[in-house]
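Before any comments, here is the structure.
In the working numbering, the protein residues as written are 11 to 161.
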């Protein structure tokens with residue numbers, strides 16, 4: 011009877027609660043704030059930025075791809091003269107915590123990349139090089155060149 015009472019107090023379903031770490035919004039904001047600062051530095055440089063970046067510039071318009079969505083959008087188009095202002099307001103908004111839900115929803119995602127290429131039709135078969143027909147034709151042309159050079 012005492013054993014049943016003892017086991018009734020334990021609950022194995024609490025393992026998930028025990029294992030989970032408490033959410034800290036400031037830790038989730040840190041990489042976003044770092045990315046905003048890096049983007050501002052890259053945009054201010056006179057040489058083209060190297061490495062991965064969140065933005066592209068064309069025709070005095072900046073395309074900004076964020077790793078999270080704001081109002082369902084992760085890509086924004088901003089006139090290049092207003093881009094530093096946009097970044098400073100974005101940084102202030104992130105620091106204030108207004109975008110914590112959006113950042114959490116987009117956690118672990120990356121900005122959209124190029125489309126994946128479809129696999130080759132001969133993928134997995136190994137490439138054999140030239141066909142036997144092609145090898146024979148090449149050997150014939152080499153022999154003809156040698157015969158012409160000997161004359």
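Just so it is clear, CB atoms sit at the ideal spot from N, CA and C, and this is done for glycine as well.
Query - Per-residue DSSP class, three states only, for residue 56 - result: coil
Report task. Leaving aside the five residues before and after residue 103 along the sequence, list all residues of the same chain whose C-beta is less than 7 Å from its C-beta, in chain order. Result -> 109
Requested in this report: Could you spell out where the beta strand (DSSP E) holding residue 84 opens and where it closes?
Outcome: 83-89
Query raised in the report: In angstroms, rounded to a whole number, what distance separates the CA positions of residue 119 and residue 89?
Result: Unreliable positioning characterises residue 119 in this predicted model, as indicated by a pLDDT of 49, which lies under 50. The coordinate reading is nonetheless provided below. Rounded to the nearest angstrom, the two C-alpha atoms are 26 Å apart.
**Report entry** Residues that DSSP places opposite residue 80 in a beta bridge
**Finding:** 83
**Report entry** Rounded separation between residue 72 and residue 30 - CA only
**Finding:** 40 Å
Query raised in the report: For residue 49, is the classification buried or exposed, using 16 other Cβ atoms within 10 angstroms of its Cβ as the cut-off for buried?
Result: buried
**Report entry** Element boundaries [beta strand (DSSP E), containing residue 66]
**Finding:** 65-68
Requested in this report: Drop a sphere of 10 angstroms on the beta-carbon of residue 112, count the other beta-carbons inside from all chains shown, and report buried for 16 or more, exposed for fewer.
Outcome: buried
Query raised in the report: With DSSP run on the structure shown, which of helix, strand or coil describes residue 51?
Result: helix
Requested in this report: Out of 39, 56, 15, point me to the one whose CA is closest to residue 78's CA.
Outcome: 39
Report task. Spell out whether any CB of chain B is found under 7 Å from the CB atom of residue 89. Result -> Of the chains in the structure shown, none is chain B; there is only one protein chain.
Query raised in the report: The alpha helix (DSSP H) with residue 17 in it runs from where to where?
Result: 12-19
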